[in-house]
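Asker: After the C-alpha coordinates below, expect a handful of questions from me.
In the numbering used here, the protein residues as written are 160 to 564.
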(Lines of atoms letter the chains of each structure in order from A and count residues from 1; the text may use other names and numbers.)
(Lines give C-alpha, C1' and ligand atoms only; values in the text may rest on other atoms or scores of the structure.)
Protein backbone atom coordinates (compact mmCIF):
# COMPACT_ATOMS: atom_id res chain seq x y z
CA UNK A 1 0.00 0.00 0.00
CA UNK A 2 2.71 2.41 0.93
CA UNK A 3 4.66 1.46 -2.13
CA UNK A 4 1.74 2.17 -4.44
CA UNK A 5 1.23 5.52 -2.74
CA UNK A 6 4.85 6.49 -3.33
CA UNK A 7 4.60 5.56 -7.03
CA UNK A 8 1.45 7.64 -7.41
CA UNK A 9 3.03 10.69 -5.77
CA UNK A 10 6.10 10.41 -8.00
CA UNK A 11 3.94 10.20 -11.11
CA UNK A 12 1.86 13.22 -10.05
CA UNK A 13 5.09 15.25 -9.46
CA UNK A 14 6.38 14.52 -12.95
CA UNK A 15 3.01 15.41 -14.42
CA UNK A 16 3.02 18.72 -12.57
CA UNK A 17 6.46 19.56 -13.90
CA UNK A 18 5.28 18.79 -17.44
CA UNK A 19 2.25 21.07 -17.18
CA UNK A 20 4.43 23.83 -15.66
CA UNK A 21 6.83 23.58 -18.64
CA UNK A 22 3.91 23.78 -21.12
CA UNK A 23 2.54 26.88 -19.38
CA UNK A 24 5.96 28.60 -19.46
CA UNK A 25 6.37 27.91 -23.19
CA UNK A 26 2.89 29.18 -23.94
CA UNK A 27 3.54 32.41 -22.06
CA UNK A 28 6.83 32.98 -23.87
CA UNK A 29 5.16 32.53 -27.30
CA UNK A 30 2.36 34.97 -26.48
CA UNK A 31 4.77 37.70 -25.37
CA UNK A 32 6.66 37.83 -28.71
CA UNK A 33 3.84 39.08 -30.96
CA UNK A 34 2.79 41.54 -28.27
CA UNK A 35 6.29 43.07 -28.28
CA UNK A 36 6.20 43.31 -32.08
CA UNK A 37 3.02 45.39 -31.97
CA UNK A 38 4.63 47.98 -29.61
CA UNK A 39 7.17 49.35 -32.24
CA UNK A 40 8.72 52.87 -31.69
CA UNK A 41 6.97 54.40 -34.77
CA UNK A 42 4.04 53.53 -36.93
CA UNK A 43 3.13 55.20 -40.25
CA UNK A 44 -0.51 55.06 -41.21
CA UNK A 45 -1.68 55.47 -44.82
CA UNK A 46 1.81 56.30 -46.15
CA UNK A 47 1.81 58.11 -49.53
CA UNK A 48 4.77 58.96 -51.80
CA UNK A 49 5.66 62.64 -52.22
CA UNK A 50 5.18 62.38 -55.99
CA UNK A 51 1.57 61.27 -55.46
CA UNK A 52 0.90 64.34 -53.29
CA UNK A 53 2.24 66.79 -55.92
CA UNK A 54 0.48 65.58 -59.05
CA UNK A 55 -2.07 67.84 -60.71
CA UNK A 56 -4.41 66.70 -63.47
CA UNK A 57 -5.99 69.48 -65.53
CA UNK A 58 -8.81 69.24 -67.97
CA UNK A 59 -8.04 70.40 -71.52
CA UNK A 60 -10.27 73.44 -70.97
CA UNK A 61 -8.52 74.38 -67.73
CA UNK A 62 -5.11 73.93 -69.33
CA UNK A 63 -6.06 76.23 -72.18
CA UNK A 64 -7.58 78.82 -69.83
CA UNK A 65 -4.44 78.90 -67.65
CA UNK A 66 -2.24 79.34 -70.74
CA UNK A 67 0.11 76.50 -69.86
CA UNK A 68 3.33 76.38 -71.90
CA UNK A 69 6.23 73.96 -71.47
CA UNK A 70 9.67 73.14 -72.78
CA UNK A 71 12.29 70.42 -72.38
CA UNK A 72 15.23 70.57 -70.00
CA UNK A 73 18.42 70.65 -72.07
CA UNK A 74 22.16 71.03 -71.77
CA UNK A 75 23.72 74.40 -72.52
CA UNK A 76 27.23 75.84 -72.33
CA UNK A 77 27.33 77.91 -69.15
CA UNK A 78 30.06 80.31 -68.06
CA UNK A 79 30.33 80.08 -64.28
CA UNK A 80 30.35 83.49 -62.64
CA UNK A 81 30.55 85.13 -59.24
CA UNK A 82 29.18 88.54 -58.23
CA UNK A 83 31.42 90.81 -56.12
CA UNK A 84 31.28 94.44 -55.10
CA UNK A 85 33.75 96.83 -56.76
CA UNK A 86 34.82 100.47 -56.62
CA UNK A 87 35.30 102.98 -59.44
CA UNK A 88 38.73 104.63 -59.27
CA UNK A 89 40.83 106.96 -61.41
CA UNK A 90 43.58 105.16 -63.37
CA UNK A 91 47.11 105.82 -62.17
CA UNK A 92 48.66 108.71 -64.10
CA UNK A 93 45.27 110.26 -64.91
CA UNK A 94 44.97 112.39 -61.79
CA UNK A 95 46.95 115.58 -61.16
CA UNK A 96 47.21 118.07 -58.31
CA UNK A 97 48.56 121.47 -59.37
CA UNK A 98 50.62 123.57 -56.94
CA UNK A 99 51.91 127.13 -57.14
CA UNK A 100 55.43 127.23 -58.63
CA UNK A 101 56.23 130.55 -56.93
CA UNK A 102 54.70 133.35 -54.93
CA UNK A 103 51.84 135.11 -56.66
CA UNK A 104 48.18 136.07 -56.71
CA UNK A 105 45.56 133.77 -58.22
CA UNK A 106 43.11 135.04 -60.85
CA UNK A 107 40.77 133.43 -63.33
CA UNK A 108 41.53 133.19 -67.03
CA UNK A 109 38.96 135.64 -68.41
CA UNK A 110 37.74 137.24 -65.21
CA UNK A 111 38.30 137.27 -61.49
CA UNK A 112 36.16 134.12 -61.10
CA UNK A 113 37.90 130.76 -61.10
CA UNK A 114 36.60 127.68 -62.88
CA UNK A 115 34.35 125.79 -60.41
CA UNK A 116 34.79 122.21 -59.26
CA UNK A 117 33.03 119.91 -61.71
CA UNK A 118 34.01 121.90 -64.80
CA UNK A 119 35.25 119.80 -67.73
CA UNK A 120 38.68 120.71 -69.05
CA UNK A 121 40.94 119.51 -71.86
CA UNK A 122 44.60 118.68 -71.63
CA UNK A 123 46.56 121.93 -71.96
CA UNK A 124 43.55 124.14 -71.23
CA UNK A 125 44.30 127.23 -69.11
CA UNK A 126 42.64 127.00 -65.71
CA UNK A 127 44.18 129.80 -63.62
CA UNK A 128 46.48 132.79 -63.89
CA UNK A 129 49.18 133.31 -61.30
CA UNK A 130 50.38 136.93 -61.16
CA UNK A 131 53.92 136.81 -59.88
CA UNK A 132 54.82 139.10 -56.98
CA UNK A 133 58.16 140.69 -56.18
CA UNK A 134 59.42 141.03 -52.61
CA UNK A 135 57.72 144.42 -52.14
CA UNK A 136 54.32 143.09 -51.19
CA UNK A 137 53.10 145.92 -48.99
CA UNK A 138 51.33 149.00 -50.30
CA UNK A 139 53.95 151.51 -49.11
CA UNK A 140 56.77 149.69 -50.86
CA UNK A 141 54.70 149.40 -54.03
CA UNK A 142 54.05 153.19 -54.06
CA UNK A 143 57.71 153.88 -53.46
CA UNK A 144 58.65 151.54 -56.28
CA UNK A 145 56.29 153.43 -58.64
CA UNK A 146 57.88 156.75 -57.76
CA UNK A 147 61.40 155.37 -58.25
CA UNK A 148 60.48 153.77 -61.56
CA UNK A 149 58.88 157.02 -62.73
CA UNK A 150 62.08 158.98 -62.00
CA UNK A 151 64.14 156.32 -63.75
CA UNK A 152 61.84 156.60 -66.75
CA UNK A 153 62.27 160.38 -66.91
CA UNK A 154 66.07 160.05 -66.81
CA UNK A 155 66.05 157.32 -69.45
CA UNK A 156 63.71 159.34 -71.66
CA UNK A 157 65.91 162.43 -71.44
CA UNK A 158 68.99 160.37 -72.22
CA UNK A 159 67.27 158.81 -75.21
CA UNK A 160 66.27 162.24 -76.58
CA UNK A 161 69.77 163.61 -76.07
CA UNK A 162 71.43 160.71 -77.87
CA UNK A 163 68.88 161.09 -80.64
CA UNK A 164 69.89 164.73 -81.15
CA UNK A 165 73.60 163.89 -80.91
CA UNK A 166 73.15 161.22 -83.54
CA UNK A 167 71.51 163.75 -85.85
CA UNK A 168 74.45 166.08 -85.25
CA UNK A 169 76.80 163.16 -85.84
CA UNK A 170 78.29 163.73 -82.42
CA UNK A 171 77.74 160.19 -81.13
CA UNK A 172 77.72 156.65 -82.38
CA UNK A 173 74.75 154.51 -83.41
CA UNK A 174 75.64 152.04 -80.67
CA UNK A 175 75.27 154.58 -77.87
CA UNK A 176 71.99 155.72 -79.37
CA UNK A 177 70.59 152.16 -79.38
CA UNK A 178 71.72 151.58 -75.79
CA UNK A 179 69.92 154.76 -74.68
CA UNK A 180 66.73 153.64 -76.46
CA UNK A 181 66.94 150.22 -74.77
CA UNK A 182 67.32 151.83 -71.35
CA UNK A 183 64.28 153.97 -72.05
CA UNK A 184 62.15 150.97 -73.07
CA UNK A 185 63.30 149.02 -70.04
CA UNK A 186 62.44 151.89 -67.68
CA UNK A 187 59.00 152.26 -69.25
CA UNK A 188 58.25 148.53 -68.82
CA UNK A 189 59.49 148.62 -65.22
CA UNK A 190 57.17 151.52 -64.45
CA UNK A 191 54.18 149.68 -65.93
CA UNK A 192 54.97 146.62 -63.82
CA UNK A 193 55.28 148.71 -60.66
CA UNK A 194 51.99 150.47 -61.39
CA UNK A 195 50.30 147.10 -62.01
CA UNK A 196 51.50 145.82 -58.65
CA UNK A 197 50.20 148.97 -57.00
CA UNK A 198 46.82 148.47 -58.70
CA UNK A 199 46.77 144.87 -57.49
CA UNK A 200 47.38 145.90 -53.90
CA UNK A 201 44.76 148.65 -54.21
CA UNK A 202 42.14 146.08 -55.28
CA UNK A 203 41.77 147.15 -58.92
CA UNK A 204 40.19 144.89 -61.54
CA UNK A 205 42.18 141.95 -62.75
CA UNK A 206 42.52 143.34 -66.30
CA UNK A 207 44.12 146.53 -64.99
CA UNK A 208 46.36 144.67 -62.56
CA UNK A 209 47.50 142.05 -65.04
CA UNK A 210 48.77 144.56 -67.58
CA UNK A 211 52.46 144.92 -67.16
CA UNK A 212 52.86 142.05 -64.68
CA UNK A 213 54.53 138.71 -65.29
CA UNK A 214 51.75 136.11 -65.47
CA UNK A 215 52.16 132.36 -65.13
CA UNK A 216 49.35 130.40 -66.79
CA UNK A 217 48.39 127.19 -64.97
CA UNK A 218 47.05 124.54 -67.35
CA UNK A 219 45.37 121.17 -66.94
CA UNK A 220 47.77 118.29 -67.69
CA UNK A 221 44.97 115.78 -68.49
CA UNK A 222 41.49 115.62 -69.99
CA UNK A 223 38.98 115.39 -67.19
CA UNK A 224 37.05 117.25 -64.53
CA UNK A 225 38.21 119.74 -61.95
CA UNK A 226 37.65 117.72 -58.80
CA UNK A 227 38.73 120.27 -56.16
CA UNK A 228 39.69 123.95 -56.03
CA UNK A 229 41.81 124.82 -52.99
CA UNK A 230 42.14 128.62 -53.38
CA UNK A 231 39.96 131.64 -54.05
CA UNK A 232 40.30 134.38 -56.61
CA UNK A 233 42.76 137.17 -55.63
CA UNK A 234 44.30 134.94 -52.98
CA UNK A 235 48.05 135.38 -52.57
CA UNK A 236 49.81 132.04 -52.37
CA UNK A 237 53.31 130.91 -51.54
CA UNK A 238 55.32 128.29 -53.46
CA UNK A 239 53.99 124.67 -53.27
CA UNK A 240 50.48 125.81 -52.26
CA UNK A 241 47.76 123.42 -53.55
CA UNK A 242 45.70 125.18 -56.24
CA UNK A 243 43.40 122.65 -57.92
CA UNK A 244 43.00 118.94 -58.71
CA UNK A 245 42.01 117.40 -62.04
CA UNK A 246 40.97 113.77 -62.57
CA UNK A 247 40.28 111.87 -65.76
CA UNK A 248 36.71 110.59 -66.27
CA UNK A 249 37.19 108.47 -69.38
CA UNK A 250 38.33 105.78 -69.09
CA UNK A 251 37.98 104.73 -65.46
CA UNK A 252 39.15 101.67 -63.55
CA UNK A 253 37.16 99.26 -61.41
CA UNK A 254 38.95 97.90 -58.35
CA UNK A 255 37.56 94.52 -57.29
CA UNK A 256 38.75 93.03 -53.96
CA UNK A 257 38.60 89.23 -54.28
CA UNK A 258 39.00 86.75 -51.43
CA UNK A 259 42.45 85.22 -51.80
CA UNK A 260 40.97 81.71 -51.70
CA UNK A 261 38.94 82.50 -54.82
CA UNK A 262 41.76 84.05 -56.85
CA UNK A 263 42.66 80.69 -58.42
CA UNK A 264 39.01 80.21 -59.48
CA UNK A 265 38.77 83.52 -61.36
CA UNK A 266 39.31 83.57 -65.13
CA UNK A 267 41.68 86.56 -65.36
CA UNK A 268 41.43 86.76 -69.16
CA UNK A 269 37.67 87.30 -69.36
CA UNK A 270 35.94 90.69 -69.29
CA UNK A 271 33.88 91.70 -66.27
CA UNK A 272 30.24 92.82 -66.33
CA UNK A 273 29.65 96.09 -64.45
CA UNK A 274 26.24 97.11 -63.10
CA UNK A 275 25.19 100.06 -60.99
CA UNK A 276 23.71 99.20 -57.61
CA UNK A 277 19.92 99.23 -57.67
CA UNK A 278 19.81 99.00 -61.46
CA UNK A 279 16.75 97.40 -63.06
CA UNK A 280 17.28 94.10 -64.82
CA UNK A 281 16.28 95.58 -68.19
CA UNK A 282 18.91 98.32 -68.06
CA UNK A 283 22.14 98.19 -70.06
CA UNK A 284 25.15 96.51 -68.47
CA UNK A 285 28.72 97.58 -69.17
CA UNK A 286 31.77 95.53 -70.04
CA UNK A 287 35.19 96.19 -68.51
CA UNK A 288 38.39 94.61 -69.78
CA UNK A 289 41.07 93.32 -67.38
CA UNK A 290 44.16 95.51 -66.97
CA UNK A 291 47.43 94.98 -65.16
CA UNK A 292 47.12 97.16 -62.10
CA UNK A 293 49.30 97.30 -59.00
CA UNK A 294 49.66 94.06 -57.03
CA UNK A 295 47.82 95.02 -53.85
CA UNK A 296 46.37 92.91 -51.01
CA UNK A 297 44.64 93.66 -47.73
CA UNK A 298 45.58 91.41 -44.78
CA UNK A 299 42.58 92.62 -42.77
CA UNK A 300 39.95 91.54 -45.31
CA UNK A 301 42.11 88.69 -46.70
CA UNK A 302 41.58 89.95 -50.23
CA UNK A 303 43.63 90.83 -53.31
CA UNK A 304 42.70 93.46 -55.87
CA UNK A 305 41.83 92.92 -59.53
CA UNK A 306 41.53 95.87 -61.91
CA UNK A 307 39.34 96.40 -64.98
CA UNK A 308 39.07 99.34 -67.38
CA UNK A 309 35.66 100.68 -68.35
CA UNK A 310 34.76 103.36 -70.89
CA UNK A 311 32.83 106.29 -69.42
CA UNK A 312 32.04 108.75 -72.25
CA UNK A 313 28.74 109.86 -70.71
CA UNK A 314 30.04 110.28 -67.13
CA UNK A 315 27.73 107.54 -65.85
CA UNK A 316 30.32 106.43 -63.31
CA UNK A 317 32.26 108.50 -60.80
CA UNK A 318 35.44 107.82 -58.84
CA UNK A 319 34.56 106.30 -55.49
CA UNK A 320 31.25 104.87 -56.71
CA UNK A 321 30.38 101.33 -55.60
CA UNK A 322 29.25 98.95 -58.35
CA UNK A 323 28.31 95.31 -58.80
CA UNK A 324 30.89 93.25 -60.72
CA UNK A 325 30.22 89.88 -62.37
CA UNK A 326 33.45 87.89 -62.78
CA UNK A 327 33.89 84.76 -64.89
CA UNK A 328 35.10 81.58 -63.19
CA UNK A 329 37.15 78.74 -64.53
CA UNK A 330 35.50 75.36 -65.16
CA UNK A 331 32.78 76.35 -67.61
CA UNK A 332 30.98 73.61 -69.53
CA UNK A 333 27.70 71.96 -70.45
CA UNK A 334 25.06 72.27 -67.73
CA UNK A 335 21.44 71.14 -67.50
CA UNK A 336 19.26 74.25 -67.66
CA UNK A 337 15.60 75.23 -67.62
CA UNK A 338 14.03 78.66 -68.13
CA UNK A 339 14.13 80.75 -64.96
CA UNK A 340 10.36 81.21 -65.24
CA UNK A 341 9.91 77.44 -64.68
CA UNK A 342 11.33 77.55 -61.14
CA UNK A 343 8.90 77.86 -58.22
CA UNK A 344 9.79 78.71 -54.62
CA UNK A 345 7.89 77.48 -51.59
CA UNK A 346 7.65 79.28 -48.25
CA UNK A 347 10.74 77.43 -46.99
CA UNK A 348 12.91 78.50 -49.93
CA UNK A 349 12.75 75.16 -51.70
CA UNK A 350 13.00 75.05 -55.50
CA UNK A 351 10.37 73.20 -57.53
CA UNK A 352 9.39 72.69 -61.16
CA UNK A 353 6.26 71.19 -62.66
CA UNK A 354 7.18 68.21 -64.87
CA UNK A 355 4.71 67.07 -67.50
CA UNK A 356 4.42 63.31 -66.92
CA UNK A 357 1.42 62.70 -69.20
CA UNK A 358 -1.17 64.61 -71.20
CA UNK A 359 -2.71 67.27 -68.94
CA UNK A 360 -0.87 65.75 -65.95
CA UNK A 361 1.85 67.62 -64.06
CA UNK A 362 4.00 66.56 -61.13
CA UNK A 363 5.65 69.12 -58.83
CA UNK A 364 9.26 67.98 -58.54
CA UNK A 365 11.92 69.28 -56.17
CA UNK A 366 15.14 70.54 -57.82
CA UNK A 367 18.38 72.16 -56.70
CA UNK A 368 19.39 75.35 -58.56
CA UNK A 369 23.12 76.13 -58.52
CA UNK A 370 23.07 79.44 -60.41
CA UNK A 371 21.15 81.63 -62.85
CA UNK A 372 22.61 82.92 -66.14
CA UNK A 373 20.89 85.05 -68.78
CA UNK A 374 17.37 83.97 -67.91
CA UNK A 375 18.09 80.25 -67.44
CA UNK A 376 18.51 78.32 -64.19
CA UNK A 377 21.29 75.73 -63.89
CA UNK A 378 19.89 72.56 -62.32
CA UNK A 379 22.35 70.72 -60.08
CA UNK A 380 20.06 67.75 -59.37
CA UNK A 381 16.43 66.68 -59.37
CA UNK A 382 15.82 66.77 -63.13
CA UNK A 383 16.89 64.79 -66.16
CA UNK A 384 17.61 65.86 -69.69
CA UNK A 385 14.57 65.70 -71.95
CA UNK A 386 11.98 66.05 -69.18
CA UNK A 387 9.29 68.58 -70.06
CA UNK A 388 8.81 71.40 -67.54
CA UNK A 389 6.16 74.10 -67.39
CA UNK A 390 7.47 77.58 -68.22
CA UNK A 391 4.25 79.62 -68.36
CA UNK A 392 1.43 79.18 -65.88
CA UNK A 393 3.56 77.77 -63.05
CA UNK A 394 1.93 79.98 -60.42
CA UNK A 395 -1.52 79.10 -61.74
CA UNK A 396 -0.87 75.36 -61.39
CA UNK A 397 0.51 75.91 -57.92
CA UNK A 398 -2.65 77.79 -56.95
CA UNK A 399 -4.79 75.04 -58.43
CA UNK A 400 -2.86 72.39 -56.47
CA UNK A 401 -3.48 74.09 -53.13
CA UNK A 402 -7.04 75.18 -53.82
CA UNK A 403 -6.51 78.90 -54.38
CA UNK A 404 -6.64 78.88 -58.17
CA UNK A 405 -9.73 79.49 -60.24
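We put the CB at the ideal spot given by N, CA and C, even for glycine.
Could you please give me the residues that DSSP links to residue 465 through a beta bridge?
Answerer: 413, 449
Asker: Please state whether DSSP places residue 459 in a helix, a strand or coil.
Answerer: coil
Asker: Between the stretch 385-398 and the stretch 248-259, do three or more beta carbon pairs fall short of 8 Å?
Answerer: yes
Asker: So within the stretch 517-547, which uninterrupted alpha helix (DSSP H) runs reach at least 4 residues, ignoring any that extend past its ends?
Answerer: none
Asker: Can you have a look at residue 555 and say buried or exposed, based on whether 16 or more other CB atoms are within 10 angstroms of its CB?
Answerer: buried
Asker: Would you identify the three-state DSSP class for residue 482, choosing helix, strand or coil?
Answerer: strand
Asker: So for residue 323, helix, strand or coil by DSSP?
Answerer: helix
Asker: Which residue's Cα is closest to the Cα of residue 488: 461, 223, 457, 424?
Answerer: 424
Asker: Could you please give me the residues that DSSP links to residue 388 through a beta bridge?
Answerer: Note: residue 388 sits in no beta bridge, so no partner.
Asker: Mind reading off the beta-carbon distance from residue 412 to residue 287? Whole number of angstroms is fine, and I expect it under 8 Å.
Answerer: At roughly 37 Å, the Cβ-Cβ gap does not stay under 8 Å, so residue 412 and residue 287 are not in contact.
Asker: What residues match up with residue 497 in a beta bridge as DSSP calls it?
Answerer: 534
Asker: By a C-beta neighbour count over all protein chains shown, 10 Å radius and 16 as the cutoff for buried, is residue 460 buried or exposed?
Answerer: exposed
Asker: Would residue 239 and residue 506 qualify as a contact pair, given that the criterion is a beta-carbon distance under 9 Å?
Answerer: no
Asker: Reducing DSSP to helix, strand and coil, say where residue 260 ends up.
Answerer: In the three-state scheme derived from DSSP, where H, G and I count as helix and E and B as strand, residue 260 is classed as coil.
Asker: Give me the residue from 276, 436, 490, 267 with the minimum Cα distance to residue 283.
Answerer: Of the candidates 276, 436, 490, 267, the residue whose Cα lies closest to the Cα of residue 283 is 267.
Asker: Say whether the stretch 231-248 touches the stretch 412-421, bearing in mind that this needs 3 or more beta-carbon pairs closer than 8 Å, one atom from each stretch.
Answerer: Proximity of the stretch 231-248 to the stretch 412-421 meets the contact definition, three or more beta-carbon pairs being nearer than 8 Å.
Asker: Between 516, 329, 317, 502, which lies nearest to residue 345 when the distance is taken from Cα to Cα?
Answerer: 317
Asker: Near residue 255, which residues of its chain fall below 7 Å by C-beta distance, leaving aside the five closest residues on each side in sequence?
Answerer: Cβ neighbours of residue 255 beyond the five flanking positions: 400, 403.
Asker: Would a C-beta distance cut-off of 9 Å place residue 429 and residue 486 closer than the cut-off?
Answerer: yes
Asker: Given 8 Å as the limit, tell me if residue 378 has its C-beta closer than that to any heavy atom belonging to the ligand ATP.
Answerer: The ligand ATP is absent from the structure shown, which contains no ligands of any kind.
Asker: Tell me which residues share the same chain as residue 324 and place their Cβ nearer than 6 Å to its Cβ, disregarding the 5 neighbours each side in the sequence.
Answerer: 330
Asker: Can you give me the Cβ contacts of residue 253 inside the same chain, cut-off strictly under 6 Å, excluding the 5 residues immediately before and after it?
Answerer: 405
Asker: Consult DSSP for residue 191 and reduce its assignment to one of helix, strand or coil.
Answerer: Because residue 191 carries a pLDDT of 47, less than 50, the predicted location of this residue cannot be relied on, and no value is offered for it.
Asker: Since I believe residue 379 is in contact with residue 468 (beta carbons under 8 Å), could you give me their beta-carbon distance rounded to a whole number of angstroms?
Answerer: Actually they do not touch by this definition, with Cβ atoms about 22 Å apart.
Asker: On the DSSP bridge assignment, give the partners of residue 377 in chain order.
Answerer: Residue 377 pairs with 284.
Asker: Indicate the three-state DSSP secondary structure (helix, strand or coil) for residue 400 in the structure shown.
Answerer: DSSP places residue 400 in strand when its eight states are reduced to three.
Asker: So for residue 227, helix, strand or coil by DSSP?
Answerer: strand
Asker: Which residue or residues does DSSP assign as beta-bridge partners of residue 513?
Answerer: 521, 547
Asker: How is residue 272 classed by DSSP in three states: helix, strand or coil?
Answerer: coil
Asker: Over what stretch of residues does the beta strand (DSSP E) that includes residue 430 continue unbroken?
Answerer: 430-434
Asker: Quick test of the definition: if touching needs 3 or more C-beta pairs under 8 Å, does the stretch 547-561 touch the stretch 493-513?
Answerer: yes
Asker: Tell me residue 315's beta-bridge partners as DSSP assigns them.
Answerer: Beta-bridge partners of residue 315 (DSSP): none assigned.
Asker: Are the CB atoms of residue 427 and residue 448 within a distance shorter than 9 Å?
Answerer: Annotated as proximal: residue 448 and residue 427, with beta-carbon spacing under 9 Å.
Asker: So what's residue 329 in DSSP terms, helix, strand or just coil?
Answerer: coil
Asker: Under a three-way DSSP split, which group does residue 310 fall into?
Answerer: helix
Asker: Hey, residue 212 and residue 496: beta-carbon distance below 9 Å or not?
Answerer: No, they are not a contact pair.
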